[in-house]
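So the sequence lines, in the order shown, correspond to chains A and B. The opening position of the first sequence corresponds to residue 1282 in the numbering used here, with each subsequent residue numbered one higher. The opening position of the second sequence corresponds to residue 149 in the numbering used here, with each subsequent residue numbered one higher. Don't be surprised by glycine CBs; every beta carbon is placed ideally from N, CA and C. Model, not experiment: these values are computed from the prediction.
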Amino acid sequence: MKFHQRLTKSIITSILFVLFVLFSNNILAEDGKALFMKNCASCHAIDKEITGPALRDVESRWMGKRNNLHTWIKNTGSYLKNSGDKYALDLYDRYKAKGAMNVFEGVLDDKQIDLILDYIKTAPLPGAGGGKDSNPIDNKESDNSLLFGILTLILAVIAFTLMQVNSNLKKLSDDKEGIPAAEPIAFWKNRTYIAFGIIILIIIGGYLTAKGAIGLGRNKGYVPSQPIFYSHKVHAGVNQVNCLYCHGGAQDGKHANIPSVNVCMNCHLTINEYKGKEKLYTEEGNEVDGTSQIKKLYEYANYTPGQKEPWDATKAKSIPWTKIHNLPDHVYFNHSQHVVAGKQQCQTCHGEITKMDEVKQFADLSMGWCINCHRETKVQFKENGYYSIYQKYHDELKNGKMDSTKGVTVEKIGGTECQKCHY
Amino acid sequence: MKKIFLISSLIVATFIVGCSDNGDRNPHNIYMPDMAYSRAYETYAYRDSAVFTQNENERGQKIFYNNYPVVGTVARGEEMPFPFAKDKAGDTINYVASKTVKSPIDTMTAAHLLESERLYLINCGICHGKNLDGNGPLYKGGEGPYAAKPATLVGDSKIEALPEGQMFYSVAYGKGQMGSYASQLTRRQRWEIIAFIKHKQKEAKASAAPAVETAKK
Chain A
1282 MKFHQRLTKS IITSILFVLF VLFSNNILAE DGKALFMKNC ASCHAIDKEI TGPALRDVES
1342 RWMGKRNNLH TWIKNTGSYL KNSGDKYALD LYDRYKAKGA MNVFEGVLDD KQIDLILDYI
1402 KTAPLPGAGG GKDSNPIDNK ESDNSLLFGI LTLILAVIAF TLMQVNSNLK KLSDDKEGIP
1462 AAEPIAFWKN RTYIAFGIII LIIIGGYLTA KGAIGLGRNK GYVPSQPIFY SHKVHAGVNQ
1522 VNCLYCHGGA QDGKHANIPS VNVCMNCHLT INEYKGKEKL YTEEGNEVDG TSQIKKLYEY
1582 ANYTPGQKEP WDATKAKSIP WTKIHNLPDH VYFNHSQHVV AGKQQCQTCH GEITKMDEVK
1642 QFADLSMGWC INCHRETKVQ FKENGYYSIY QKYHDELKNG KMDSTKGVTV EKIGGTECQK
1702 CHY
Chain B
149 MKKIFLISSL IVATFIVGCS DNGDRNPHNI YMPDMAYSRA YETYAYRDSA VFTQNENERG
209 QKIFYNNYPV VGTVARGEEM PFPFAKDKAG DTINYVASKT VKSPIDTMTA AHLLESERLY
269 LINCGICHGK NLDGNGPLYK GGEGPYAAKP ATLVGDSKIE ALPEGQMFYS VAYGKGQMGS
329 YASQLTRRQR WEIIAFIKHK QKEAKASAAP AVETAKK
């Protein structure tokens, strides 16, 4: 028995020892990059100034004096006091408005700082690849369309020639059989032609008139140019920013709200250039440079990248965005009613926003369109406190009086009553 | 008579056809603009600058209206204002002092957790990651467009040791590269998100501890 216990004990201790060795090896192997990411990357990037300066070639700026750099990193305050280093003082002055650097005394030892500095030395330069790859694809696409165009032209010429040949042959065969060609009547005197023309005119004219009259006051397809080319495709699509991040009003009240400049600057304080692979195009198909649009934002925000002071939101001007979706004043529409209580997706009414560079009005926002949706959409009764007062419907759904597959439509709870939206 | 009717209907028809579509860059035509565009006190409603003003000094000459709540009022269901103002540039006095502020939230119910997680995912997850690991879609381990590494909210002892009050300060006024979220989250929501983060930190610790114990066995 005792021998057993001893054995298990020794096995456990040996396993623990092996684990410990592996674990400590792991710590040793923790490379400079990981250390940099964990301790420095919140405020420093290698090639970009963010809260602190960019760190590429930091050692050459410090004249290769690693020892000084070590004490500086561990505690910038005490280094300034003790050394009187002119470069360090200037550096402190330049960045002090953004806050002093954290103290790393006791957090990082000399070995770890060396690892970090080695990583900064060997970090790969940005760029290389990415943007270049997409160009040849574009060329290929345009080549294709040119090819199709030429093919179509050739085919059209062939068809035209064949038609000519055909009519000539018919004329020849008619002549041979002795059928005289009828003297043609001018088509503007031919009554059948005239009647036919008038009917076509009335149909087309009537159709256009009716369509125009219905379209009055409707704005489907409206895509105004905005003061800044803001791509929903890049923000909501590629970068997965939630709709409610910027349009948070949609969950709280009537308006979805267009974000103020400070919401833009939450991210664009750091992101000052566009390097995405997706190219930006206007509705007309002209390519747009994303970085120039971010610069426009900085003009409104009154911010210069790399400025000494932190950005002051009170000095920003608001951006005069053009409102796209407009309901007439005599219609009441509330976003939170649809988004929170109704649990509707934004895309139901606004279309595939995540694929739009410039936002285009997707629905015509006509009354017929509203009513149609209210007739067809099922209300989410389950786990939705908002509809708990409709006791009768809840009971009927439970005892099977109401078809649960059809459910309760918005119409059934008064969604098509006039005064629901007009009052 | 017949001719006049014919001609006038033709003119009306061409007018309607003509004005129905004037390019997608401009708003399409409407009848009765007064009914289409609101003149009420509404968000985004046009306000004539000859009549309205947002400048408090011009009160009296014009109608003063700036959409802000009256100074010193607290909305229903909202928490009391944070006792510390934003630090002056380069200062950390109020940031340090704010560690004494206690969260008004004692316990988080399951419903509260769910709602605060939703708010976290909308407002914070984009940078700090849906797993609170500081690796959201904007950073993507350094591949994303955002250059600064967002704080690792779960698993970084420095962040986990932050008092609630200082976390609130950072959310309300911004910290480092992070901006102020005061315009996007109410005070109540900010406290709830902080409670959610604290809850997740505790949860991670609780699940890590038994794992170590089982490994020892």
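Query: Where Ala356 of chain B meets chain A, residues with beta-carbon distance less than 9 Å; Result: In chain order: nothing, as chain A lies at least about 14 Å away.
Query: Gln1588 of chain A burial status per 10 Å Cβ neighbour count (16 or more: buried); Result: exposed
Query: Three-state secondary structure (DSSP) of Lys1355 of chain A; Result: helix
Query: Contact with chain B by His1536 of chain A, beta-carbon distance below 9 Å; Result: yes
Query: Distance CB(Pro231 of chain B)-CB(Val249 of chain B) smaller than 9 Å; Result: yes
Query: 7 Å Cβ shell around Asp1414 of chain A - same chain, five flanking residues per side excluded; Result: Caution applies to Asp1414 of chain A, whose pLDDT of 41 falls short of 50 and renders its modelled position unreliable; the model cannot decide the point.
Query: Min CB distance Asp1456 of chain A to chain B below 9 Å; Result: no
Query: Sub-9 Å separation of Ala1381 of chain A and Gly1345 of chain A beta-carbons; Result: no
Query: contact_flag[the segment 1369–1381 of chain A, the segment 234–248 of chain B] where n(CB pairs < 8 Å) is 3 or more; Result: yes
Query: is_contact[Asn1307 of chain A, chain B] using C-beta, thresh 9 Å; Result: The predicted model places Asn1307 of chain A with a pLDDT of 47, which falls under 50 and marks its position as unreliable; any figure quoted below should be read in that light. Not one chain B Cβ lies under 9 Å of Asn1307 of chain A.
Query: Burial state of Trp339 of chain B (16 or more Cβ within 10 Å); Result: buried
Query: Residues near Glu1677 of chain A in its chain [Cβ-Cβ closer than 6 Å; skip 5 each side]; Result: Met1683
Query: Limits of the unbroken alpha helix (DSSP H) element including Cys275 of chain B; Result: Gly273 to His276
Query: Inter-stretch contact at 8 Å, needing at least 3 Cβ pairs: the segment 1536–1551 of chain A / the segment 1520–1528 of chain A; Result: yes
Query: Below-9 Å beta-carbon distance, Glu204 of chain B vs any chain A residue; Result: no
Query: Chain A contact for Lys151 of chain B (CB, 9 Å cutoff); Result: no
Query: Cβ-heavy atom distance, Phe153 of chain B to the ligand SAH, below 8 Å; Result: As for the ligand SAH, it is missing from this structure, which has no ligand bound.
Query: Stretch-stretch touch, CB-based, cutoff 8 Å, three pairs: the segment 1312–1322 of chain A with the segment 1390–1406 of chain A; Result: yes
Query: Test: Asp1610 of chain A CB closer than 9 Å to a CB of chain B; Result: yes
Query: Touch test, the segment 1511–1523 of chain A against the segment 1642–1655 of chain A, Cβ-Cβ under 8 Å, three pairs minimum; Result: no
Query: Positions along the segment 171–189 of chain B whose CB lies within less than 9 Å of some CB in chain A; Result: Asp172, Arg173, Asn174, Pro175, His176, Asn177, Ile178, Tyr179, Met180, Asp182, Met183, Ala184, Tyr185, Ser186, Arg187 and Ala188
Query: Chain-ordered chain A contacts of Thr240 of chain B [CB-CB under 9 Å]; Result: Gly1380 and Ala1381
Query: Amino acids of chain B, ordered along the chain, whose beta-carbon sits closer than 7 Å to that of Ile1552 of chain A; Result: Pro293 and Tyr294
Query: CA nearest to the CA of Ala1713 of chain A, picked from A:Lys1535, A:Ala1582 and A:Val1339; Result: Absent from the structure is residue 1713 of chain A, since the part of chain A shown begins at 1282 and ends at 1704.
Query: The segment 237–265 of chain B: positions lying closer than 8 Å to chain A by Cβ; Result: Ala237, Gly238 and Thr240
Query: Residues near Lys234 of chain B in its chain [Cβ-Cβ closer than 6 Å; skip 5 each side]; Result: Tyr321
Query: Close Cβ partners of Thr1551 of chain A (< 6 Å) along its chain, the five nearest in sequence each way excluded; Result: Ile1331
Query: Nonlocal neighbours in the same chain, by C-beta distance under 8 Å from Asn1306 of chain A, ignoring five residues either side; Result: Because the pLDDT of Asn1306 of chain A is 46, which lies under 50, any placement of that residue in the model is unreliable, and the number read from its coordinates should be weighed accordingly. Result list for Asn1306 of chain A: empty, nothing under 8 Å.
Query: Backbone secondary structure at Leu1309 of chain A - three-state DSSP; Result: In this prediction, Leu1309 of chain A has a pLDDT of 46, which is less than 50 and means its spatial position is unreliable; what the coordinates show is noted afterwards. Leu1309 of chain A falls in the helix class under three-state DSSP.
Query: 8 Å CB neighbourhood of Tyr1562 of chain A in its chain, flanking five on each side removed; Result: Glu1568, Val1569 and Asp1638
Query: Beta-carbon proximity list for Asn1500 of chain A, same chain, < 6 Å, skipping 5 on both sides; Result: Gln1642
Query: Under 7 Å (Cβ pairs) to chain B, residues found in the segment 1514–1527 of chain A; Result: Asn1520, Gln1521, Val1522, Asn1523, Leu1525 and Tyr1526
Query: Cβ-based neighbour list, Pro1417 of chain A, same chain, cut-off 7 Å, excluding 5 preceding and 5 following; Result: With a pLDDT of only 40 at Pro1417 of chain A, under 50, the local geometry of the prediction cannot be trusted, and the value read off the model is given with reservation. Nothing listed; no residue qualifies.
Query: CA nearest to the CA of Ile342 of chain B, picked from B:Tyr216, B:Leu261 and B:Asn177; Result: B:Leu261
Query: Cα-Cα separation between Leu1450 of chain A and Leu1436 of chain A, rounded to whole angstroms; Result: 21 Å
Query: Reference Val1612 of chain A, options B:Ser157, B:Ala188 and B:Ser156, closest by Cα; Result: B:Ala188
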